[in-house]
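All remarks here apply to the structure that follows.
Chains as they are written, first to last, in UniProt numbering: chain S, 1 to 208; chain W, 1 to 208.
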């Protein structure tokens, strides 16, 4: 029978992220492999963190607003990248605007290329130290991946998809998201790359 | 020869904490055992987090000021305590004032009883859900531990020790501390219970 109660549910984890977020970089680079090894599927949930920060009265990242925390974060990032074996260069522009790549990632969230696209964008920001909210940069990433860049950009820039990113960001706020990365496994929320393994363990054990 | 350059330096970690800090609770309960298993000695560094928050323009904990983050933190604490096998009750009063137990912990920071005293105070706050900034409560903890409570309280409440806690808090700020728990291994700073194991590994490898 199809659709009966005994049908196993897929083990999934929602990964809410913004390309401007440095801790989302750590997760983006490692989540697919970590999830796959536990039989968990990643649901990519790009959203805009800036409007959520604005609801707290913040015009930019707390890592910019709080000087001591900001200075610490760059040391922490260097150590974390070393721990995970990831390349790292502190961005000269932080937090970088990311609305265009977020629109592309949202438009392609269910496509097979989304994970690699996200890794490429993150690497462009946090390793190559290049701005990512640029049509040329994003087209170049899509081209390198052998994808139909003009078609993907047109879909990303459609009114429907622009509205979808606004709705995604409102959904993030409604879910209680206050930073990135954030994970959901069912109704359980986990904040921060430091909680990825706990969230994956829960997703893996939560086998429907 | 005593004091020559070949004398091995002790492997140490500085543990900066406030009894009102819930993530400091997690660390307080597990640091001594974790450090000891790696041959690392804990240097207890009680300080007042409130005056540091005030320098950011915050009148209380960010877990109170940011509603979404606050709601998340209590779920995270319940999961973290389960992970570490620690008892937990969400405090009905948060963040609790803690100046008296901090004065006692600072006055006794080099005494053999400091670790157990700190665990008792944290348990009183985060398991028994009792206020800890009370002479009766602190005296009772010291008495239960078989310590000369009146003598310890008198030392804690001396002008010299009160001033020492103010200086300790200023030192925390000068070191760039912006939250608790924070660890120092030499000049390397680590923030958060999530970084305790990394800090201990570094302390352990840093064998002078």
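In this text, a Cβ means the ideal position worked out from N, Cα and C, and glycines have one as well.
Short CB-CB distance (under 8 Å) between residue i and chain S
{"i": "residue 176 of chain W", "result": "yes"}
{"i": "residue 191 of chain W", "result": "yes"}
{"i": "residue 82 of chain W", "result": "no"}
{"i": "residue 69 of chain W", "result": "yes"}
{"i": "residue 72 of chain W", "result": "yes"}
{"i": "residue 30 of chain W", "result": "no"}
{"i": "residue 75 of chain W", "result": "yes"}
{"i": "residue 53 of chain W", "result": "no"}
Secondary structure of residue i, DSSP reduced to three states
{"i": "residue 45 of chain W", "result": "strand"}
{"i": "residue 3 of chain S", "result": "The pLDDT assigned to residue 3 of chain S is 45, lower than 50, so where the model puts this residue is not dependable; a value taken from the coordinates is nonetheless given after this. In the structure shown, residue 3 of chain S sits in coil (DSSP, three-state: anything other than H, G, I, E or B)."}
{"i": "residue 187 of chain W", "result": "coil"}
{"i": "residue 15 of chain W", "result": "strand"}
{"i": "residue 60 of chain W", "result": "coil"}
{"i": "residue 182 of chain W", "result": "strand"}
{"i": "residue 94 of chain W", "result": "coil"}
{"i": "residue 122 of chain S", "result": "helix"}
{"i": "residue 197 of chain S", "result": "helix"}
{"i": "residue 31 of chain W", "result": "helix"}
{"i": "residue 275 of chain W", "result": "The question about residue 275 of chain W has no answer, for chain W in this structure spans 1 to 208."}
{"i": "residue 145 of chain S", "result": "coil"}
{"i": "residue 151 of chain W", "result": "helix"}
{"i": "residue 111 of chain W", "result": "coil"}
{"i": "residue 127 of chain W", "result": "coil"}
{"i": "residue 168 of chain S", "result": "helix"}
{"i": "residue 38 of chain S", "result": "coil"}
Where residue i falls, given that 16 or more other Cβ within 10 Å makes a residue buried
{"i": "residue 187 of chain S", "result": "exposed"}
{"i": "residue 212 of chain S", "result": "This structure cannot speak to residue 212 of chain S, because chain S is shown only from 1 to 208."}
{"i": "residue 27 of chain S", "result": "buried"}
{"i": "residue 85 of chain S", "result": "exposed"}
{"i": "residue 41 of chain W", "result": "exposed"}
{"i": "residue 108 of chain S", "result": "buried"}
{"i": "residue 154 of chain W", "result": "exposed"}
{"i": "residue 39 of chain W", "result": "exposed"}
Which listed residue (the options) has its alpha carbon closest to that of residue i
{"i": "residue 170 of chain S", "options": "S:49, S:109, S:27", "result": "S:49"}
{"i": "residue 25 of chain S", "options": "S:12, S:40, S:87", "result": "S:87"}
{"i": "residue 10 of chain S", "options": "S:185, S:190, S:173", "result": "S:185"}
{"i": "residue 33 of chain S", "options": "S:196, S:77, S:206", "result": "S:196"}
{"i": "residue 45 of chain S", "options": "S:172, S:190, S:125", "result": "S:172"}
Below-8 Å beta-carbon distance, residue i vs any chain W residue
{"i": "residue 66 of chain S", "result": "yes"}
{"i": "residue 183 of chain S", "result": "no"}
{"i": "residue 79 of chain S", "result": "yes"}
{"i": "residue 15 of chain S", "result": "no"}
{"i": "residue 128 of chain S", "result": "no"}
{"i": "residue 56 of chain S", "result": "yes"}
{"i": "residue 197 of chain S", "result": "no"}
Quick one: any contact between the region 131-148 of chain S and the region 94-104 of chain S, if contact means 3 or more CB pairs under 8 Å?
-> yes
Say whether the region 167-181 of chain W touches the region 12-21 of chain W, bearing in mind that this needs 3 or more beta-carbon pairs closer than 8 Å, one atom from each stretch.
-> yes
State whether the region 51-71 of chain S contacts the region 161-168 of chain W, with contact taken as three or more CB pairs (one from each stretch) at a distance under 8 Å.
-> no
Are the region 140-151 of chain W and the region 110-118 of chain W touching, with three or more C-beta to C-beta distances below 8 Å?
-> yes
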